[in-house]
Amino acid sequence: MEMRRPEKWANLRDNEELRFLQVNSIMILDKKIPRYPYAKFKCKACNYLLTDMNHVTKHVEQHKKRENRLVEELVFNTIKYVPFAESWNSTPLSKFLLKIHDEERETESSFKAREELGERIIEDITSSVPNIALQLNGSSLSHFALKNVSNMDFSLQVKESHSVKDALNSIYDTLALKQEESFYLHLAQDFKQKYPQITFTMSENHIPCRILLKNKSSLKTSLLLRDYWDLDARVRILGIVARYWAYSCGITNNVYTVIPSHSIIILLLHYLIHEGVVPCIKEHLSQDEENDYETPREILDNWNSTNYKSTGELWVGFLKYYCVDFNTQEVVVQICSSSCITKADMQWKYKRLSIQDPYCCNKNLLSVVHNTTVFEYIQKCFQYSSLFFGVPQTQKGPLFKIVSDDSTIQIASKIENNGLNDEVSMSEIVTLEQANVLIDSVQMEDMVFEWNVERFNNNSKMPIVCSVCTNEGHTQDSCPDEILPEVNTMGPLPQSYLAEIDQFFHFNMDSLRFSMSQLHERELIIKEMAVFIRKSGYPTAVLTVYGSSDNGFGFKDSDLDLCLTFSDHETSENIDSKNVIEKVAKIIEKMNSICQIRAVTSAKVPIIKFVHQPTSLEGDISFYNCLAFENTKLLRTYSEIDLRVKILGYNVKRFIKSCDFGDASRGSLSSYTCVILALFYLQQLDPPVIPVLQELPDSKNKTPSRMFEGHDVWFNSNPQSILYWKNSHHKNIMSPAELLIGFFDFFGRQFDDDNIVVSIRTHRSVKKLDKMWNTDCLAVEDPFEVNRNLGGRLTRRMHLFIKKCFIKGYERFATPMSKRFYFMDPNKYFFNASNLGVGKVPTDRGCHICGGIWHVVRECPRKMMTKRHKGNKKNHHGEERNNNNTPNSNKKSINEHKRITDRSSNDNWRGSPRHKDVKTSASRVAVAPPSQNINPTHPPRKEKKKSSPVLVISKNELEEKNDAENIDKKAPNKRKRIRNRRSKGMEEKNVIKNLEERRQRKRPEKKKKKIPVFLHDYELESIAFYYEHGPIELLK
185 MEMRRPEKWA NLRDNEELRF LQVNSIMILD KKIPRYPYAK FKCKACNYLL
235 TDMNHVTKHV EQHKKRENRL VEELVFNTIK YVPFAESWNS TPLSKFLLKI
285 HDEERETESS FKAREELGER IIEDITSSVP NIALQLNGSS LSHFALKNVS
335 NMDFSLQVKE SHSVKDALNS IYDTLALKQE ESFYLHLAQD FKQKYPQITF
385 TMSENHIPCR ILLKNKSSLK TSLLLRDYWD LDARVRILGI VARYWAYSCG
435 ITNNVYTVIP SHSIIILLLH YLIHEGVVPC IKEHLSQDEE NDYETPREIL
485 DNWNSTNYKS TGELWVGFLK YYCVDFNTQE VVVQICSSSC ITKADMQWKY
535 KRLSIQDPYC CNKNLLSVVH NTTVFEYIQK CFQYSSLFFG VPQTQKGPLF
585 KIVSDDSTIQ IASKIENNGL NDEVSMSEIV TLEQANVLID SVQMEDMVFE
635 WNVERFNNNS KMPIVCSVCT NEGHTQDSCP DEILPEVNTM GPLPQSYLAE
685 IDQFFHFNMD SLRFSMSQLH ERELIIKEMA VFIRKSGYPT AVLTVYGSSD
735 NGFGFKDSDL DLCLTFSDHE TSENIDSKNV IEKVAKIIEK MNSICQIRAV
785 TSAKVPIIKF VHQPTSLEGD ISFYNCLAFE NTKLLRTYSE IDLRVKILGY
835 NVKRFIKSCD FGDASRGSLS SYTCVILALF YLQQLDPPVI PVLQELPDSK
885 NKTPSRMFEG HDVWFNSNPQ SILYWKNSHH KNIMSPAELL IGFFDFFGRQ
935 FDDDNIVVSI RTHRSVKKLD KMWNTDCLAV EDPFEVNRNL GGRLTRRMHL
985 FIKKCFIKGY ERFATPMSKR FYFMDPNKYF FNASNLGVGK VPTDRGCHIC
1035 GGIWHVVREC PRKMMTKRHK GNKKNHHGEE RNNNNTPNSN KKSINEHKRI
1085 TDRSSNDNWR GSPRHKDVKT SASRVAVAPP SQNINPTHPP RKEKKKSSPV
1135 LVISKNELEE KNDAENIDKK APNKRKRIRN RRSKGMEEKN VIKNLEERRQ
1185 RKRPEKKKKK IPVFLHDYEL ESIAFYYEHG PIELLK
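In case it helps, the numbering used here puts the sequence shown at residues 185 to 1220.
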């Protein structure tokens, strides 16, 4: 029966909303309820009144969430209490699992055929392409392969002397020749994936094949799984069933959410090791990761399992283990050790399901999944599959749906009474005793199992999740974040505009860089710290500055980066760096001028973070970070070649800071990396502005090498060689404004960041494929540490955000200012992220409060400081209430004044109701008799200038000032009333007089009282300033 549609609801969209209301038991009200005049809908389930369709939608969503929570609790309790420990269900289920195994597995003959076919493919390729090694890999090697599903995977390894790109291209050309002879079909390549691959299909049996560029770890994992396959027949049956179950549910065959197919085998083996069915093989292997995999044949031949459960019992136990027993939030799924490994041991912060790779121990196989709904779907599949296989199945269906205790029955009755769920009814819920009676009454011949995927996933599907924005419903190809703004190439700009921009850039550089006094101040800080460390137990300690303080691109507020070395040790060998850093941190704590000291010993290079208190200058002390000296020298040499290099570097850094992506600790690019981008752009111009110093020959026309810590750190810093290069090349005459506009256009639209690496050490293009940096983000090579990708922490979302900033920056700078912006501050016009319209900086990699990638929200230092501040404030005010009657009761007044000034810093404070009470509370603070002495228990603060005399304000004066301010605030309304009455012929003087008389009648004068309060001179001075200038000016 369709819901009646009143005429007054004809504005509902066709029948969609009516159908939505009907399905969710929402009734349209025919009559207005006097008590609730705005109610238009009513929920039948809970008698809740709703105002509009948005309200209805939110209510239904909350209803469904509550329903899902209740049903999940029912399912959890059923899995927990289902009595599968008896053997009544194991035999029929074991037979059913064996049937699935026989139908879906590859036979021994098919494995032999695959091996022969693999040998032929390997011979065809290696005979034509030298310097490579090709081996069969994946499920064809481990034997956990499904019929008509599993590919033939080959692992490709290229020798160091050979180019990876050349090897892949040669393999592709060889297969292309064979394709013409009809040996191979559907040949394709994809070199942009994390693991570059070549795919093709065999013409004989149409088996899909893949050649993947992988390391030895994947091959060793396949050999390890092969040993488990040979160890126990139950492992073979359960492994094939588990793989087919995951494939049927869409967990491992989803194109958009790629979960490795062997991860489900590791889940199974982790459970079997926990139950004592199989041993932990990896504990008996060599711990040297460089060695090839060798099967521990002697140990496996002598292994006798102590667990004799059937495959049916183990299968249900496997599903139940990951539903009830396994602690997903704290424990890691792994087969490397028989003991428990926690996420704290691995330093993995997330609470979701985590699977450790056996031979890449720091790798989580589920790290490709960023959306929680995917993990919820996997958990749901485990739960409903455990229900399906745990409850005896007959031809009429399961004997029961829910096994409960008293609390479960109460939950189920609540669901049934509210009409929340049609799956569960009270007639299908039984207690544990009733379940045992039903089980005993069923004959084994009556039990029937079928492979019903809809029962495994509760009629749901694997969600489609975008790998860029992590939202559901679309893929990366159709992600809105992938759409870059379209900007047309601008024409030639007026020379007058370029001249003005040049002048502005010069001014920017001069205002941002260090002055001589600031450089001298930093030198004194370094000298003071070095002397203190030498006197405190390290007489050979040397502190050397590096980074932005010395590379020619430093800002006034740049951090002070220092490196700690010892004159009697060239390197950090034979030195306990962790111990030294901790001791030096304790030494620095004794300095009066240094505060907020924190030693970070877990980093790659141990550091000490500190703050210089007199200047509020932040700094780091690293331990033997000597390679950074060479980077600093290189950048300083580049900055001295041409003034335009400095101007471009300073303004690029100014731009990225205004867009808030110049911080590597928040998953973006560091300021050092952005300077590398600017230098790379200047080298790529035709003619170039600067040379490649690491390829610029010296006076002997040679490019020597100078090795330091395993890296070649030589570059030509000879001024004569650089001057010769300038004279022998065409001079680039572009202005700084043209260079910056070109920089934005180059990295925003022109640069091929999909294939090319940003590298300032060579003229030739460096391919991502050659360095195996197969990422869809910007890759930046360190000038000396060439295997280090400075953009390695970028996500795709952050990369797109940076490109959008560059595109919008090009649009902003390449468009002359209109007349209405002539009187605007150029910094606000050009260097303002809100004007660019690119949105907020992505925080998808880390903390959503501060954006840091080294911690999650619950461990955010900013959040902890806020909580600590609130706790201290609460305790502080609690002490005030307890000490109101003490002689020092003036503390309350001072703290009330502090709260007032704190509140004034809030932008929305003026519109809040508390604003009305400020004058009253402040007037209590600001009253003191002239003859009152200052309380000696509260000494005044130290001031550089001579302290001002004690200022006393009476309450009468403050209230008169309040009245004046209130009159000023009501002035606009007064003028409005004057204009209205003028139209009636009333004179202005009479109107004002009339209004004043009415105000006096409304507000009779109160009796003024003086309340003595003891305050210091600086506190009274602040209060007087507050009433003279207002709260905002006081904060400034």
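Ideal Cβ positions, reconstructed from N, Cα and C, are used throughout, including at glycine.
To the nearest angstrom, how far is the alpha carbon of His-690 from that of Pro-1000? 18 Å
Is the shortest distance between the beta-carbon of Lys-466 and the beta-carbons of chain B less than 8 Å? No chain B appears in this structure, which consists of one protein chain only.
Nearest-angstrom Cα distance between Tyr-681 and Met-237? 54 Å
If you count every other CB in all the chains shown that lies within 10 Å of the CB of Ala-372, and 16 or more means buried, which is it? exposed
If you pair each beta-carbon of the stretch 816-832 with each one of the stretch 865-878, do three or more pairs fall below 8 Å? yes
Can you find the residues in the same chain that come closer than 6 Å, C-beta to C-beta, to Lys-535, ignoring five residues on each side of it along the sequence? Gln-513
Determine the extent of the alpha helix (DSSP H) in which Ala-998 is found, giving its start and end residues. Ala-998 -> no alpha helix (DSSP H), and no H or E assigned at all.
What's the call for Tyr-994, buried or exposed, on a 16-neighbour Cβ count within 10 Å? So Tyr-994 counts as buried.
For Val-240, the three-state DSSP class (helix, strand or coil): helix
From Ser-334, Leu-819, Glu-893, pick the residue whose C-alpha is nearest to that of Thr-857; which is it? Leu-819
Look at the alpha carbon of Ile-562 and the alpha carbon of Val-637, and state the distance between them as a whole number of angstroms. Straight through space, the alpha carbons of Val-637 and Ile-562 are spaced by roughly 13 Å.
Just checking, does the stretch 318-330 make contact with the stretch 404-419 on the three C-beta pairs under 8 Å criterion? yes
For Phe-204, which residues of its own chain have a beta-carbon under 6 Å away from its beta-carbon, when the five flanking residues on both sides are left out? Excluding residues within five positions, none has a Cβ falling inside 6 Å.
Arg-639 - containing alpha helix (DSSP H), residue span: 637-640
Output the boundary residues of the beta strand (DSSP E) element that contains Arg-782. Run containing Arg-782: 778-784, per the beta strand (DSSP E) assignment.
Cβ separation of Ala-1017 and Cys-843, assumed to be a contact under 8 Å, to the nearest whole Å: Taking a contact as a CB-CB distance under 8 Å, the pair Ala-1017 and Cys-843 counts as one, their CB atoms being some 5 Å apart.
I'd like to check one pair, Ile-355 with Ile-382: are the Cβ atoms closer than 8 Å? Against a cut-off of 8 Å, the Cβ pair of Ile-355 and Ile-382 comes out as a contact.
Going by DSSP, name the residue or residues bridged to Phe-750. Ala-725, His-753
Asn-1011 by DSSP, collapsed to three states: which one? helix
Residues bridged to Pro-582 [DSSP beta-bridge criterion]: DSSP output for Pro-582 lists Gln-577 as bridge partner(s).
Coarse secondary structure for Ser-806, derived from DSSP in three states: strand
Can you find the residues in the same chain that come closer than 6 Å, C-beta to C-beta, to Phe-807, ignoring five residues on each side of it along the sequence? Leu-748, Ser-761, Ile-765, Pro-790
When DSSP builds the beta bridges, which residues end up paired with Asn-548? Beta-bridge analysis with DSSP links Asn-548 to Gln-540.
Name, in chain order, the residues that DSSP records as bridge partners for Asn-321. Asp-337
CB-CB under 6 Å to Lys-343, same chain, minus the five flanking residues each way: which ones, in chain order? Asn-315
Report back the beta-carbon spacing between Phe-990 and Phe-1014 to the nearest angstrom; my notes put them in contact at under 8 Å. With 8 Å as the limit, Phe-990 and Phe-1014 do not qualify as a contact, their Cβ atoms being about 14 Å apart.
Nearest-angstrom Cβ-Cβ length linking Leu-549 and Tyr-506, presumed shorter than 8 Å: That belief does not hold up - the Cβ atoms of Leu-549 and Tyr-506 are roughly 15 Å apart, past 8 Å.
Using the Cα positions of Lys-841 and Val-1025, report the straight-line distance between them to the nearest angstrom. 12 Å
Let's see if you can read the secondary structure: which residues bound the beta strand (DSSP E) around Met-367? Met is not the amino acid found at residue 367; the sequence shown has Phe there. Unbroken run through Phe-367: none, as it is neither H nor E.
Just confirm the distance between the C-beta atoms of Leu-744 and Arg-782, as a whole number of angstroms; I'd bet it's less than 8 Å. Not a contact, Cβ separation roughly 15 Å.
Given this structure, state the Cα-to-Cα distance separating Ser-751 from His-704, to the nearest angstrom. 24 Å
With distance defined between alpha-carbon atoms, name the residue in Thr-728, Asn-332, Leu-318, Ile-448 nearest to Glu-287. Taking only the C-alpha atoms, the option nearest Glu-287 is Asn-332.
Flag this pair as touching only if the stretch 792-812 and the stretch 722-731 have three or more C-beta atom pairs under 8 Å; answer yes or no. yes
Over what stretch of residues does the alpha helix (DSSP H) that includes Phe-384 continue unbroken? Careful: Phe-384 lies outside any alpha helix (DSSP H), inside the beta strand (DSSP E) at 381-386.
Tell me which same chain residues have a C-beta within less than 6 Å of the C-beta of Ile-709, skipping the five on either side of it? His-796
What would DSSP say about Leu-282, mapped onto helix, strand or coil? If DSSP states are grouped into helix, strand and coil, Leu-282 belongs with the helices.
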